[in-house]
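Enquirer: Take the sequence shown: its letter number 17 is residue 17 in my numbering, and every next letter is one higher.
Before I ask anything, let me first share the structure, which is written out below as structure tokens.
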Amino acid sequence: MKEMIPKLLEADIIIWSFPLYYFGMPSGMKAFMDRMLPMNLPFMSEREDGGSVHPPRYPQMTQVKHILISTCGFYSKQNNYKGLEK
Numbered sequence: 001m002k003e004m005i006p007k008l009l010e011a012d013i014i015i016w017s018f019p020l021y022y023f024g025m026p027s028g029m030k031a032f033m034d035r036m037l038p039m040n041l042p043f044m045s046e047r048e049d050g051g052s053v054h055p056p057r058y059p060q061m062t063q064v065k066h067i068l069i070s071t072c073g074f075y076s077k078q079n080n081y082k083g084l085e086k
């Protein structure tokens, strides 16, 4: 992660690409996302919709666009990507 965080901070777009495994992401991708937690502040704040979120440690990360490219063994995305949409 020491090498990845500076690259993520410089990015305009982050492309996430992985196969769907049992309605979620593969464990390697989940581990990578878990390791990104230090990019957020260590406390929670309330969102406008009543939920909660860790505020970003680096404000420029709120401007980064994200693209998801994913495959799955189903003929439709309906109900298959709910775990990733949240």
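We treat Cβ as the ideally placed atom computed from N, Cα and C, and that holds for glycine.
As the structure is a computational prediction, the values presented were derived from the model and not from experiment.
For Met121, count neighbouring C-beta atoms within 10 Å of its own C-beta (all shown protein chains included) and say buried if the count is 16 or more, exposed if not.
Expert: Examination of residue 121 is not possible in this model, given that the chain is present from 1 through 86 alone.
Enquirer: When the Cα of Ser70 is compared with those of Tyr81, Gly50 and Ser27, which residue comes out closest?
Expert: As a first step, residue 70 is located in the sequence shown; it is residue number 70 there, counting from the start. The residue with the shortest Cα to Cα distance from Ser70 is Tyr81.
Enquirer: Over the uninterrupted beta strand (DSSP E) stretch that includes Leu68, give me the two end residues.
Expert: Position 68 of the sequence shown, counted from the start, is the residue given in the question as residue 68. That run of the beta strand (DSSP E) goes Lys65 to Thr71.
Enquirer: Excluding the five sequence neighbours on either side, which residues of its own chain have a C-beta within less than 8 Å of the C-beta of Pro26, listed in chain order?
Expert: What you label residue 26 is simply residue 26 of the sequence shown in a count that begins at 1. Excluding positions up to five away in sequence, the list reads Phe18 and Pro19.
Enquirer: Rank Gly24, Leu9, Tyr58 and Lys7 by C-alpha distance to the C-alpha of Leu84 and give the top, closest one.
Expert: In the sequence shown, residue 84 corresponds to position 84, counting from 1. Cα-wise, what sits closest to Leu84 is Gly24.
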